[in-house]
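Here the sequence shown is numbered in the numbering used here, starting from 101 and rising by one per residue.
Following: one structure in structure tokens, then a few remarks.
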Amino acid sequence: MCAERRHLAGELNISFAALTPLERLQALVDRAGGPVVFTTSLGIEDQMITHLIFSSDLPILVKTLDTGRLFPETYALWRETEEKYGRRIKALYPQADALEALVNDQGIDGFYYAPEFRKNCCSVRKVEPLARALAGAAGWVTGLRRDQSANRSDMDFVSFDGARGLIKANPIFDWTRDAIVGFTVEQGIPVNALHAKNFLSIGCAPCTRAIRPGEPERAGRWWWEEETKRECGLHVDDAGRPIRNDAHRPARADAAFERLPQ
Ligand code: SF4
101 MCAERRHLAG
111 ELNISFAALT
121 PLERLQALVD
131 RAGGPVVFTT
141 SLGIEDQMIT
151 HLIFSSDLPI
161 LVKTLDTGRL
171 FPETYALWRE
181 TEEKYGRRIK
191 ALYPQADALE
201 ALVNDQGIDG
211 FYYAPEFRKN
221 CCSVRKVEPL
231 ARALAGAAGW
241 VTGLRRDQSA
251 NRSDMDFVSF
261 DGARGLIKAN
271 PIFDWTRDAI
281 VGFTVEQGIP
291 VNALHAKNFL
301 SIGCAPCTRA
311 IRPGEPERAG
321 RWWWEEETKR
331 ECGLHVDDAG
341 RPIRNDAHRP
351 ARADAAFERL
361 PQ
């Protein structure tokens with residue numbers, strides 16, 4: 101099965117480039133040979149993909165990881181999106197026992213005190229729920245973009261996630277932030293109100309801040325840690341090693357959000 105999926109990823113990769121994002125999603129559904137799951141963080145890239153899936157009624161399961169620490173604005177957007185499209189975004193929650201043990205051991209905001217504590221929190225609140233979200237899936241859709249960070253600049257459109265044994269597809273991989281903002285405005289797609297306040301990449305509330313002009317796109321995530329330790333553990337390489345967040349790359353279009361409704 102793994103060899104077949106690895107081969108299919110290569111084939112899709114060749115044909116993917118000439119397609120639109122919607123056609124890429126359709127091609128993935130047609131060829132994956134099993135369920136396809138999209139995990140959304142409700143960021144602007146993911147809202148564009150959710151729009152494509154819901155408005156074209158594609159048979160892709162849309163799921164989100166509710167860490168319990170999201171911004172109120174993110175929960176409001178979640179509700180607004182379900183109301184607009186009349187579809188449910190399925191939620192995955194941390195395991196109660198593991199969460200209780202984590203908080204009782206390292207405190208409610210223990211992630212500020214040591215990188216290991218932060219990784220423990222991400223592991224309980226995000227990585228383990230992601231594994232359940234993807235269980236049984238043949239394909240995984242993400243909203244990764246090539247220009248988000250240096251370590252994403254040479255990633256393929258489609259890859260085989262060897263650690264999870266599935267095809268990972270990034271249908272808007274070659275879209276710029278500016279193009280995505282333009283698309284969301286044109287299509288009336290709801291986006292997180294925090295984007296208009298310079299939150300470019302939005303995750304958990306205690307671990308996300310607005311960026312300042314000229315700062316890298318993902319500088320607002322885990323800003324108190326050394327850059328080399330900032331991986332969240334959701335995206336891994338073929339050997340299962342976390343791909344780290346690379347904040348060195350300059351933001352290319354942090355002014356793009358000025359076009360969003362305030
Ligand atoms: Fe915990 Fe912060 Fe990771 Fe969210 S981003 S899971 S609050 S450490």
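Just so it is clear, CB atoms sit at the ideal spot from N, CA and C, and this is done for glycine as well.
Being a predicted model, the structure only gives us computed values, none of them experimental.
* Asked: What does the shell around ligand 1 hold, if a residue joins when its beta-carbon is under 6 Å from any heavy atom?
  -> T167, R169, F211, R218, C221, C222, R225, K226, G303, C304, P306, C307
* To do: Go through its chain and collect everything with a Cβ distance to L152's Cβ below 8 Å, but skip five positions before and after it.
  => The residue labelled residue 152 in the question sits at position 52 within the sequence shown. These residues qualify, in order along the chain: P121, L122, L125, L158, P271.
* Identify every residue that forms a DSSP beta bridge with V162. => Against the sequence shown, residue 162 aligns to sequence position 62. Partner(s): F138.
* Asked: Residue ranges of each beta strand (DSSP E) run of no fewer than 3 residues wholly in the stretch 200 to 269, ordered along the chain?
  -> 239 to 241, 258 to 261, 266 to 269
* **Run of the beta strand (DSSP E) containing K190, from where it starts to where it stops** => Position 90 of the sequence shown, counting from 1, holds the residue named residue 190. First-last of the beta strand (DSSP E) with K190: 190 to 192.
* To do: Please say whether V162 and K190 have beta carbons closer to each other than 9 Å?
  => As a position in the sequence shown, residue 190 is number 90, starting the count at 1. As a position in the sequence shown, residue 162 is number 62, starting the count at 1. Yes, Cβ-Cβ distance for K190 and V162 is below 9 Å.
* Proximity of K268 and G243 at Cβ, strictly below 9 Å -> Counted from its first residue, the sequence shown places residue 268 at position 168. Counted from its first residue, the sequence shown places residue 243 at position 143. Against a cut-off of 9 Å, the Cβ pair of G243 and K268 comes out as no contact.
* Asked: T167 and P194 look like a contact to me (Cβ under 8 Å); what is the Cβ gap, rounded to whole Å?
  -> One-based indexing of the sequence shown puts residue 167 at position 67. One-based indexing of the sequence shown puts residue 194 at position 94. That belief holds up - the Cβ atoms of T167 and P194 are roughly 7 Å apart, short of 8 Å.
* Answer yes if the stretch 125 to 136 comes into contact with the stretch 274 to 289, meaning at least three C-beta pairs across the two stretches below 8 Å, and no otherwise. => no
* **Whether I302 touches F171 by CB criterion (9 Å)** => Taking the sequence shown and counting its residues from 1, the one referred to as residue 302 is at position 202. Taking the sequence shown and counting its residues from 1, the one referred to as residue 171 is at position 71. It is a contact, given that the beta carbons lie within the stated cut-off.
* Taking three-plus beta-carbon pairs below 8 Å as touching, is the stretch 198 to 208 in contact with the stretch 176 to 187? -> no
* Whole beta strand (DSSP E) elements within the stretch 260 to 321, 3-residue minimum -> 266 to 269
* Can the beta-carbon of F257 be found less than 9 Å from the beta-carbon of F116? -> Translated into positions along the sequence shown, residue 257 becomes position 157. Translated into positions along the sequence shown, residue 116 becomes position 16. Yes; because the gap between Cβ atoms is below 9 Å, this pair is in contact.
* To do: Would you mind stating whether L136 and A233 have Cβ atoms separated by less than 9 Å?
  => As a first step, residue 136 must be located in the sequence shown, where it is residue number 36. As a first step, residue 233 must be located in the sequence shown, where it is residue number 133. In the sequence on display, residue 136 carries Val and not Leu. Not in contact: V136 and A233 (Cβ atoms no closer than 9 Å).
* I311 and N292 closer than 9 Å at C-beta -> Taking the first residue of the sequence shown as 1, we reach residue 311 at position 211. Taking the first residue of the sequence shown as 1, we reach residue 292 at position 192. Against a cut-off of 9 Å, the Cβ pair of N292 and I311 comes out as no contact.
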